[in-house]
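Visitor: Here it is, the structure, as structure tokens.
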Amino acid sequence: MTGWDPRQGPPGWGPQQPFSPPVIPPYQPTTGLSPWGRPARHSWEIALLVVVIMATVLAYLFALLFLLFGLMNYVVLGLVLAPILVWFGRGTTYSTQRLNAVKMSPTQFPEGYRMVAEAAARFGMATVPDAYVVLGNGQINAFASGHGFRRYVAVYSDLFEVGGQARDPDALAFIIGHEVGHIAAGHVSYWRQLGMFLVPFLPLLGNALIRSQEYTADNHGLCNRPDGARGAMQTLAGGKYLNSLVGFDEMADRACQEKGFFIWIVNAMSSHPVLTWRMWALRDRSRHGNMFWRPGGPPPRPAVAAPPYPPPVTGPPQAGPPTDTGRYGPSGYGEYYSSYLPR
Ligand SMILES: [Zn+2]
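So that you can map any letter, position 329 of the sequence shown is 329 in UniProt numbering, and since no number is skipped, the others follow by simple counting.
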């Protein structure tokens with residue numbers, strides 16, 4: 001695709017762009033940040049992964065050495081048993097969905113079922129992952145994981161309220177593309193998660209690796225449904241009822257405006273890109289998402305003034321007051337999945 005400024009986001013993101021992208025972008029063999037190429041892996045991801053795996057393997061070797069010399073404590077035991085712990089955690093998480101979740105099918109949540117199949121086809125995956133709907137209870141999240149050779153995504157039910165046919169199906173397709181992207185990029189394989197066992201104990205390095213994976217997954221989400229990126233981010237920022245009141249560009253612009261030591265440290269310690277930076281990365285397709293230093297700016301603005309954001313969605317009255325409780329998923333799933341939001 002040519003003729004568009006990648007720093008202003010994909011064509012079709014504003015009414016000043018006459019071009020309207022197709023629902024399923026044409027396949028392109030090249031990898032890049034364009035919404036129509038194959039989704040790019042974040043440029044930092046592999047290098048960070050190698051460093052983390054080396055640190056983890058070193059820790060395993062030291063643990064075995066301690067064990068040989070009879071030095072035993074919980075850290076040594078945890079490391080030696082890591083292959084079993086990871087296997088057990090993945091198995092129980094998968095079985096929780098098999099026992100409690102609604103499995104998407106042609107007759108249950110057919111829209112989501114179709115979106116998962118479309119995303120898998122879009123990323124050239126041989127097998128379509130299983131897909132489940134889990135009770136969100138007001139929370140907005142989704143995650144991807146696997147066990148054995150099975151791979152699956154789980155989407156919180158509240159996202160269907162956001163992404164249901166009456167609301168914003170493009171946002172739902174972006175989020176499903178993000179989760180299927182985690183699978184396509186290999187983030188949820190057993191061996192990878194075993195190699196990343198040390199991540200929770202490496203606050204800067206480990207979180208940097210997770211952030212780069214999230215940018216990679218966002219690239220997949222954008223490739224799957226470019227028009228859904230804004231709606232998905234607006235929902236993250238404002239919740240499922242007030243999402244349409246969030247000005248995407250106004251918020252993304254702050255990525256280059258908010259500065260200082262604590263801005264740096266909050267991003268550096270975050271498992272997911274901070275929201276303003278994440279929005280900026282989705283809009284600025286000329287480079288990979290910022291990892292440690294805030295984006296330089298300001299970006300070139302559209303020649304015409306941005307149109308007013310759409311009014312709140314009208315339609316059937318919502319039952320009860322907004323119940324969004326925050327941006328954090330449940331903590332009970334351990335570290336055996338890649339989620340849409342910080343946990
Ligand atoms: Zn994710």
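Quick reminder that beta carbons are idealized off the backbone N, C-alpha and C, glycines included.
Among the residues of its own chain, which have a CB less than 6 Å from the CB of Cys223, if the five just before and after it don't count?
Guide: Pro35, Pro39
Visitor: Please tell me whether, using a cut-off of 7 Å, the distance from the CB of Ala217 to the nearest non-hydrogen atom of ligand 1 is below it.
Guide: yes
Visitor: Going by the DSSP bridge assignment, what does Ala131 pair with across the sheet?
Guide: Val153
Visitor: Measuring only the C-alpha atoms, how far is Val75 from Arg283?
Guide: 43 Å
Visitor: So, are the CB atoms of Gln139 and Asp168 less than 8 Å apart?
Guide: The criterion of a C-beta distance shorter than 8 Å is not satisfied by Gln139 and Asp168.
Visitor: Please tell me whether, using a cut-off of 7 Å, the distance from the CB of His42 to the nearest non-hydrogen atom of ligand 2 is below it.
Guide: With respect to ligand 2, the structure offers nothing, as its ligand set consists of ligand 1.
Visitor: In this structure, does DSSP put His147 in helix, strand or coil?
Guide: strand
Visitor: Rounded to whole angstroms, what's the CA-CA distance from Ser145 to Ala217? Just pull it up for me.
Guide: 13 Å
Visitor: Could you check which residue in Ala229, Val266, Ala268, Leu204 has the C-alpha nearest to that of Arg285?
Guide: Restricting attention to Ala229, Val266, Ala268, Leu204, the CA atom closest to the CA of Arg285 is found in Ala229.
Visitor: Comparing alpha-carbon positions, which option in Thr127, His272, Lys259, Gly238 lies nearest Gly297?
Guide: Lys259
Visitor: DSSP on Ala255, reduced to helix/strand/coil?
Guide: coil
Visitor: Is it right to say Thr235 is buried, meaning 16 or more other beta carbons lie within 10 angstroms of its own, or is it exposed?
Guide: buried
Visitor: Less than 8 Å between the CB atoms is what I'm expecting for Leu194 and Ala82, so what's the real figure, rounded?
Guide: 6 Å
Visitor: Using the Cα positions of His272 and Ala184, report the straight-line distance between them to the nearest angstrom.
Guide: Going by C-alpha positions, His272 is about 19 Å away from Ala184.
Visitor: Along the chain, where does the alpha helix (DSSP H) containing Ala171 start, and where does it finish?
Guide: 169-184
Visitor: So what's Ala268 in DSSP terms, helix, strand or just coil?
Guide: helix
Visitor: Given a threshold of 16 other Cβ atoms within 10 Å of its Cβ, counted over all protein chains shown, does Pro110 qualify as buried or as exposed?
Guide: exposed
Visitor: Measuring straight from C-alpha to C-alpha, what distance separates Asn267 and Gly239?
Guide: 21 Å
Visitor: Does the separation of the CB atoms of Tyr156 and Asn141 fall below 8 Å?
Guide: yes
Visitor: Just confirm the distance between the C-beta atoms of residue 353 and Met269, as a whole number of angstroms; I'd bet it's less than 8 Å.
Guide: Since the first residue shown for the chain is 1 and the last is 343, residue 353 is missing from the structure and cannot be characterised.
Visitor: Could you check where the alpha helix (DSSP H) with Gln213 kicks off and where it finishes?
Guide: 203-224
Visitor: Gly32 bridges to which residues according to DSSP?
Guide: Pro39
Visitor: Helix, strand or coil: which one does DSSP assign to Gly315?
Guide: Note that Gly315 has pLDDT 45, beneath the 50 cutoff, so the model's placement of it is unreliable and no number is given.
Visitor: Can you tell me whether Gly70 is buried or exposed, with buried defined as 16 or more other CB within 10 angstroms of its CB?
Guide: Note on Gly70: under 16 other CB atoms within 10 angstroms of its CB, so exposed under the neighbour-count rule.
Visitor: Assuming Met104 and Ser212 are in contact, meaning their beta carbons sit under 8 Å apart, how far apart are those beta carbons, in whole angstroms?
Guide: So it is not a contact: roughly 29 Å between Cβ atoms.
Visitor: What are the start and end residues of each continuous alpha helix (DSSP H) run of 4 or more residues lying completely inside the stretch 49-82, in chain order?
Guide: 74-80
Visitor: Verify whether the separation of the beta carbon atoms of Asn243 and Gly231 is less than 8 Å.
Guide: yes
Visitor: For the stretch 196-206 and the stretch 170-186, state whether three or more C-beta atom pairs, one from each stretch, are separated by less than 8 Å.
Guide: When C-beta atoms of the stretch 196-206 are compared with those of the stretch 170-186, fewer than three pairs fall below 8 Å, so the two segments do not count as touching.
Visitor: When the Cα atoms are used, what is the spatial distance from Gly78 to Pro106?
Guide: 43 Å
Visitor: Rounded to the nearest angstrom, what separates Gly112 and Gly89 at their Cα positions?
Guide: 26 Å
Visitor: Just to confirm before moving on: does the CB-CB distance between Val128 and Val116 stay below 8 Å?
Guide: Yes; because the gap between Cβ atoms is below 8 Å, this pair is in contact.
Visitor: Does the beta-carbon of His178, which I'm using as the reference point, lie nearer than 7 Å to any heavy atom of ligand 1?
Guide: Yes - ligand 1 has a heavy atom lying nearer than 7 Å to the Cβ of His178.
Visitor: Is the CB-CB distance between Arg150 and Tyr94 below 8 Å?
Guide: yes
Visitor: Short of 7 Å in beta carbon distance, which residues of its chain neighbour Gln108, apart from the five on each side in sequence? Order them along the chain.
Guide: Val102
Visitor: Would you call the CB atoms of Gly289 and Tyr215 closer than 8 Å?
Guide: yes
Visitor: Tell me which residue opens and which closes the alpha helix (DSSP H) that Arg283 is part of.
Guide: That run of the alpha helix (DSSP H) goes 275-283.
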